[in-house]
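Numbering (the numbering used here), first residue to last: 580 to 856.
Down below is the structure, laid out as structure tokens.
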């Protein structure tokens, strides 16, 4: 069972030829070379669903913290400058009726969209997943192109599964097309955004702010300039960090291991083709 950030690639599998199965304590497979594992008939289990609500809660929290400049206002209290307020500098923006762009409307993305629709009456648009009929029916979500997503959204929240091909997908050319009031939320993987480009977009006012539960690399360096910005909130990858979610993940990971030991198919397997033939 893996609960850390070990890399499972060709080098690892060559060095550990007796590995027969891997049970991840996560939803994503970015630390695993799936094709290499599949080639060796090694099933890779993961823990989806049980952390969807907890992770979407963090995305929802970050969105509100950034919109109301919570970091800036907390620092004002800590530094004893409450009375020396700048009436314009402390102004946030409301979320009611805004357009939420979901990049990856799967389980976690749906939970985020559902919260935003119920709480703020947001319009939901999405990309990077086949049409989600449930979201379109229940939330009025609309599938759009990637360009439409980045140009029309007031908030963009990333919930897709990360692949190396999507590295730095959100870069300068993308940030430059966004609205100046854009709130950028990433609770998926830090590799999705180019950190230097995001920093520049935030410092120059190209976008309003950012809420990050993931960085690249992790952990983020304590001297990283992103941390110093008043329009940024960075958390230490705590999306699934609730008692309930972690218990559910542990149970599901254990069920995957038990199933493998019984020569049965893992309940949640990222490469089910290993069971063919």
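For every residue, glycine included, the Cβ atom is placed at its ideal position computed from N, Cα and C.
Problem - Backbone secondary structure at residue 695 - three-state DSSP - result: helix
Exercise for the section: Look up residue 765 in the DSSP assignment and say whether it is helix, strand or coil. Expected result: strand
Exercise for the section: For residue 661, count neighbouring C-beta atoms within 10 Å of its own C-beta (all shown protein chains included) and say buried if the count is 16 or more, exposed if not. Expected result: exposed
Exercise for the section: Run the proximity test for residue 683: is its beta-carbon closer than 7 Å to any non-hydrogen atom belonging to the ligand MG? Expected result: Absent from the structure shown: the ligand MG. Ligands present: none.
Handout entry: Sub-8 Å separation of residue 769 and residue 795 beta-carbons
Key = Result yes, Cβ atoms of residue 769 and residue 795 sit closer than 8 Å.
Practice task
Just mark residue 724 as buried or exposed, buried being the case when its beta carbon has 16 or more other beta carbons within 10 Å.
Solution key: exposed
Exercise for the section: In the DSSP assignment, find the unbroken alpha helix (DSSP H) run with residue 639 in it and report its ends. Expected result: 631-646
Problem - Every unbroken alpha helix (DSSP H) within the region 649-721, with a cutoff of 4 residues, ordered by chain - result: 649-657, 686-699, 712-718
Handout entry: Environment of residue 695 [buried if 16+ CB atoms lie within 10 Å]
Key = Result: buried.
Exercise for the section: Go ahead and label residue 755 buried or exposed: buried means 16 or more other beta carbons lie within 10 angstroms of its beta carbon, across all protein chains shown. Expected result: exposed
Problem - Anticipated Cβ contact below 8 Å, residue 736 with residue 633, distance rounded - result: So it is not a contact: roughly 15 Å between Cβ atoms.
Problem - Beta-bridge pairing of residue 790 - partner residues as DSSP gives them - result: 764, 812
Exercise for the section: Could you tell me the boundaries of the beta strand (DSSP E) in which residue 736 lies? Expected result: 734-737
Handout entry: Cα-Cα separation, residue 625 to residue 786
Key = 35 Å
Handout entry: Simplified DSSP assignment, three categories, for residue 886
Key = Beyond the ends of the chain as shown, which are 580 and 856, falls residue 886; an answer cannot be given.
Handout entry: Status (buried if at least 16 other CB within 10 Å, exposed otherwise) for residue 780
Key = With 16 or more other Cβ atoms within 10 Å, it is buried.
Problem - The alpha helix (DSSP H) enclosing residue 731, as first and last residue numbers - result: 725-731
Handout entry: Three-state secondary structure assigned by DSSP to residue 839
Key = Residue 839 falls in the helix class under three-state DSSP.
Handout entry: 8 Å contact criterion, which residue 792 and residue 818 should meet: CB distance rounded
Key = Yes, residue 792 and residue 818 are in contact; Cβ-Cβ is about 5 Å, under 8 Å.
Exercise for the section: For residue 608, name the three-state secondary structure that DSSP assigns. Expected result: coil
Problem - Rounded separation between residue 823 and residue 663 - CA only - result: About 42 Å.
Problem - Cβ contact check for the region 593-600 and the region 650-660: 3 or more pairs under 8 Å - result: Proximity of the region 593-600 to the region 650-660 falls short of the contact definition, fewer than three beta-carbon pairs being nearer than 8 Å.
Exercise for the section: Give the DSSP-derived three-state secondary structure of residue 741 in the structure shown. Expected result: coil
Practice task
Check whether the Cβ atoms of residue 708 and residue 680 lie closer than 8 Å to each other.
Solution key: no
Handout entry: Collapsed DSSP secondary structure at residue 817 in the structure displayed
Key = coil
Practice task
May I ask you to report which of helix, strand or coil DSSP gives residue 827?
Solution key: helix
Problem - Beta-bridge pairing of residue 624 - partner residues as DSSP gives them - result: 602, 848
Exercise for the section: Compute the beta-carbon to beta-carbon distance between residue 771 and residue 722, rounded to the nearest angstrom, for a pair I have assumed lies under 8 Å. Expected result: Incorrect: roughly 19 Å between the Cβ atoms, too far for contact.
Practice task
Taking the CB atoms as reference points, tell me whether residue 789 and residue 767 lie closer together than 8 Å.
Solution key: no
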